[in-house]
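A.B. asks: If you read the sequence shown in the working numbering, its first letter stands for residue 36, the second for the next number, and so on.
Quick reminder that beta carbons are idealized off the backbone N, C-alpha and C, glycines included.
Keep in mind the model is a prediction, meaning the values are calculated, not measured.
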Amino acid sequence: MKILIGVCLSYSLFCSGLAGAHAQLDVRVQHMNDLLAPDLNAQLASQTNNAHLLLQRGELHSENHHWGLAWQDFQSAMDSTDDANLRIDIWFYMGRMRLQSGMPDEAYNLLSKVIKLEPSYKSARLNLARTYIELNDYRAAVDEMDIFMSLLQRPTPDQYIERANMAELIDNDGEGLVIEGLNEAVNQLGPIVSLVDLLVDSYLEQDKREEALRVIELLPHDVNSLPRWQLKKGDIYQELKQYLDAETAYKYGLNSISQMPEHRRLTPAIEDLKSQLEAKFLN
């Protein structure tokens, strides 16, 4: 009964959160409706201002997944302006909406038009890469992602990871591209745990255990010494038949757990790690 009450409470909070988000969107849409009312003063009713307002309202409709209303606003915005730069923005938002609404063919046409007119339009490059994924053209997705990232001053770990996920879908040499891209990320950004995690797993999938160990050793000492990394190192050493090194890693992981504060040591995740380390250390 307690579980059921908890679930119901969680669900009601989730629903109220959604309702609140939709209510805020509705208020913003109504604000745009008011601004677009026919009795506006002459300055606000100018074509350029109308186009911007229609574009903003279209974006709000997109957030609400009201695709038809969004498309109508985008088309009206296009009809309301001769500003070349604004029209490029409108084509971008139309293309992104088509991608979000499950129409990748139309998204491709619109986003390609944006890039033809403005090759350095970063958001269009990113969304075209994602469109290629929906079109099952994984190599084109990675190539487009490469261009997008080359336009950035400093790509983020998430962007490197997204490119790696795209590359992984390519047959035959996809894993090689994943490893190459993640090594680039580590070289550029340093040994960030999320990047190291993926790179280590990619090397292990290729049976390149020494390379996996090399990458783990790039982690700062306080991270490298954590039980989960000692468990991973121990397992790799076992596969390499370096049993003494494996035993040392397992023991180090257990010592690390024993030095933790009690409230952390007794969490389910740490207790599970301890059980795994003990089982392997004692074998």
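In its own chain, which residues sit with a C-beta less than 8 Å from the C-beta of Val250, not counting the 5 before and 5 after it?
C.D. replies: Same-chain partners within the cutoff: Val221, Pro226, Val231, Leu234, Val235, Tyr238.
A.B. asks: In chain order, what residues of the same chain lie with their CB nearer than 6 Å to the CB of Met129, ignoring the 5 residues before and after it?
C.D. replies: Counting only Cβ-Cβ distances below 6 Å, and skipping sequence neighbours, we find Phe109, Leu145.
A.B. asks: If we ignore side chains and look at the alpha-carbon of each, how far apart do Leu266 and Leu254 end up?
C.D. replies: The alpha-carbon atoms of Leu266 and Leu254 are separated by roughly 15 Å.
A.B. asks: Put Gly137 into one of helix, strand or coil per three-state DSSP.
C.D. replies: Note: Gly137 maps to coil in three-state DSSP.
A.B. asks: Might you give, ordered along the chain, the residues of its own chain that have their beta carbon closer than 7 Å to the beta carbon of Pro192, omitting 5 neighbours on each side?
C.D. replies: Taken in chain order, the residues that qualify are Ala220, Leu224, Ile227, Ser229, Leu230.
A.B. asks: Please list the terminal residues of the continuous alpha helix (DSSP H) segment that includes Ile227.
C.D. replies: Element bounds for Ile227: n/a, residue is neither H nor E.
A.B. asks: Are the beta-carbon atoms of Tyr143 and Thr166 separated by less than 7 Å?
C.D. replies: Yes, the Cβ-Cβ distance between Tyr143 and Thr166 is below 7 Å.
A.B. asks: Given a cut-off of 7 Å on the beta-carbon distance, is the pair Ala281 and Gln273 in contact?
C.D. replies: In contact: Ala281 and Gln273 (Cβ atoms closer than 7 Å).
A.B. asks: Under the three-state reduction of DSSP, which class applies to Met31: helix, strand or coil?
C.D. replies: Given that the chain is displayed from residue 36 to residue 318, the structure contains no residue 31 and the question cannot be resolved.
A.B. asks: Helix, strand or coil: which one does DSSP assign to Leu44?
C.D. replies: Legend: pLDDT at Leu44 = 37, less than 50; position of this residue unreliable, no value from coordinates given.
A.B. asks: With distance defined between alpha-carbon atoms, name the residue in Ser291, His298, Pro296 nearest to Glu313.
C.D. replies: Checking every option, the nearest Cα to that of Glu313 belongs to Ser291.
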